[in-house]
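Residue 272 in the numbering used here is what sits at position 95 of the sequence shown, and the numbering runs on without skipping anything.
Quick notes on the structure that follows.
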Amino acid sequence: MPIPRAVISYHPAFGSTRGRPISPEHQSRIDAAISPGRVEFIIEPDPEKRMKALEEAEFYLTKNAPLPAGLFDKAKRLRLIQVATAFGEKVDAEAAARAGVAVSFCGRPIVDSVADHSLALLLNLVRNMPESARSLREGSNKPLSPTRPDGSAYNWTQIEGVRPLRGMRLGLLGMSEISRAVSIRAKAFGMEVRYWNRSPLPEWIDRKTGASPVTQDELFRTSDVIFPGLMLNEDTRHIVGEEALRAMPAGSYIINISRGPLVDLSALLRALEDGHIAGAGLDVFDPEPFPTDHPLLDHPGVFPTPHLAGGDNENLVRELESWMANVHRVIDGEEPIDIVNGVAWRAD
Numbered sequence: 178m179p180i181p182r183a184v185i186s187y188h189p190a191f192g193s194t195r196g197r198p199i200s201p202e203h204q205s206r207i208d209a210a211i212s213p214g215r216v217e218f219i220i221e222p223d224p225e226k227r228m229k230a231l232e233e234a235e236f237y238l239t240k241n242a243p244l245p246a247g248l249f250d251k252a253k254r255l256r257l258i259q260v261a262t263a264f265g266e267k268v269d270a271e272a273a274a275r276a277g278v279a280v281s282f283c284g285r286p287i288v289d290s291v292a293d294h295s296l297a298l299l300l301n302l303v304r305n306m307p308e309s310a311r312s313l314r315e316g317s318n319k320p321l322s323p324t325r326p327d328g329s330a331y332n333w334t335q336i337e338g339v340r341p342l343r344g345m346r347l348g349l350l351g352m353s354e355i356s357r358a359v360s361i362r363a364k365a366f367g368m369e370v371r372y373w374n375r376s377p378l379p380e381w382i383d384r385k386t387g388a389s390p391v392t393q394d395e396l397f398r399t400s401d402v403i404f405p406g407l408m409l410n411e412d413t414r415h416i417v418g419e420e421a422l423r424a425m426p427a428g429s430y431i432i433n434i435s436r437g438p439l440v441d442l443s444a445l446l447r448a449l450e451d452g453h454i455a456g457a458g459l460d461v462f463d464p465e466p467f468p469t470d471h472p473l474l475d476h477p478g479v480f481p482t483p484h485l486a487g488g489d490n491e492n493l494v495r496e497l498e499s500w501m502a503n504v505h506r507v508i509d510g511e512e513p514i515d516i517v518n519g520v521a522w523r524a525d
């Protein structure tokens, strides 16, 4: 009897781990998730070859992307589509339901990691944490605050520019999956969140994320923080450039964890130097690795990290395990979880 087949569009833990060596523990967990001999895995990024492989597949593992045209006419053995997303608006789950194919969503640890890092960059800037840590380590030239009866001395190094996030206006330039995760976190901090996207999104995404759509011009004019969340192409290269930066309110911030060339770093440095932009949290650069002698890194308003928001191999392995969990449940005769299209599971 042939073993079940799972077709996978892409997953980094099956191939590149971004140049990082894989520990024996992580390799063991990858092997357990893949289970050679238990499941036949076909990793096929080419759409035509992937469709051919799906004709004999029970499982299809993909990201939030449109399903291949004619999938349900050709993939007669297909039982489960596992989508690595918390949203999945691009997946036609209703068409899958009509074909009797279950669709399940699972969140992505890497998305959570990048969204967490984005808020960490912003908090470091608006709370003036680098200067606070420096003043504590090096001492301060300013007078110390009086010691209170309980022994505390509030802000004894007299740090200024410490703001709350509540009430700040966050502008998401592109409503990627990471942007959506950032929006949910920002709303929890009491921020007002708006976004611009190249194509309209379903209203339920606005409700789930707490973000409101606006024009691109309005986004720049009225945002205290701009967060680019776009794919990099010739249309988006330097989309946060001189004109966009100058349209932003004075004293605003840039947070970039997407792709370095989305932001014109020369224009950003000029805006930082004249004080129009208060700070920039940057996890990505142009080029990478970024020159250590670049003046941007010496600016006190810049909080840089070396493209590490996605975390380490642990996140890649956890994402693979999450993606594969339902496949193993089915093989073990169990019912998959988190089915979103109402298909009653049938045990074959």
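Just so it is clear, CB atoms sit at the ideal spot from N, CA and C, and this is done for glycine as well.
Remember, predicted model here, so these are calculated numbers, not experimental data.
Can you list, in chain order, the residues of its chain whose CB lies under 8 Å from that of residue i, leaving out five sequence neighbours each side?
i      : result
Pro426 : Arg398, Thr399, Ser400 and Asp401
Ser193 : Note on Ser193: pLDDT 48, under 50, position unreliable in the model; the coordinate value appears next. None.
Arg371 : Arg346, Leu347, Gly348, Leu349, Ala388, Ser389, Pro390, Val391, Glu395, Leu396, Thr399 and Ser400
Ile516 : Ala279, Val280, Ser281 and Trp522
Val288 : Ala263, Glu354, Ile355 and Ala358
Taking the CB atoms as reference points, tell me whether residue i and residue j lie closer together than 8 Å.
i      : j      : result
Asn241 : Glu354 : yes
Ser435 : Leu407 : yes
Ile416 : Pro181 : no
Met228 : Pro243 : no
Asn503 : Glu271 : no
Leu540 : Ala261 : Nothing about residue 540 can be read from this structure; the chain reaches only from 178 to 525.
Met306 : Arg343 : no
Pro513 : Leu257 : yes
Pro466 : Leu474 : no
From the DSSP output, in three-state form, read off residue i for me.
i      : result
Ser312 : helix
Val359 : helix
Trp522 : coil
Gln335 : coil
Glu420 : helix
Gly456 : strand
Asn410 : coil
Ser429 : strand
If you count every other CB in all the chains shown that lies within 10 Å of the CB of residue i, and 16 or more means buried, which is it?
i      : result
Gln335 : exposed
Leu485 : exposed
Glu266 : exposed
Gly510 : exposed
Tyr430 : buried
Glu235 : buried
Leu445 : buried
Please work out which residues of its chain come closer than 7 Å, Cβ to Cβ, to residue i, disregarding the five sequence neighbours upstream and downstream, and give them in chain order.
i      : result
Ile432 : Ser295, Leu298, Leu299, Val402, Phe404 and Gly458
Asp463 : Gly437, Pro438 and Leu442
What does a CB cutoff of less than 6 Å around residue i pick up in its chain, not counting 5 residues either side in sequence?
i      : result
Lys385 : none
Arg495 : Pro286
Val440 : Val417 and Asn433
Ala448 : Leu422 and Ile454
- Query: Which parts of the region 279 to 311 are runs of the beta strand (DSSP E), unbroken and 3 residues or longer, counting only runs that do not cross its ends?
  - Reply: 279 to 283
- Minimum length 4: unbroken alpha helix (DSSP H) runs contained in the region 431 to 493: 442 to 450 and 472 to 475
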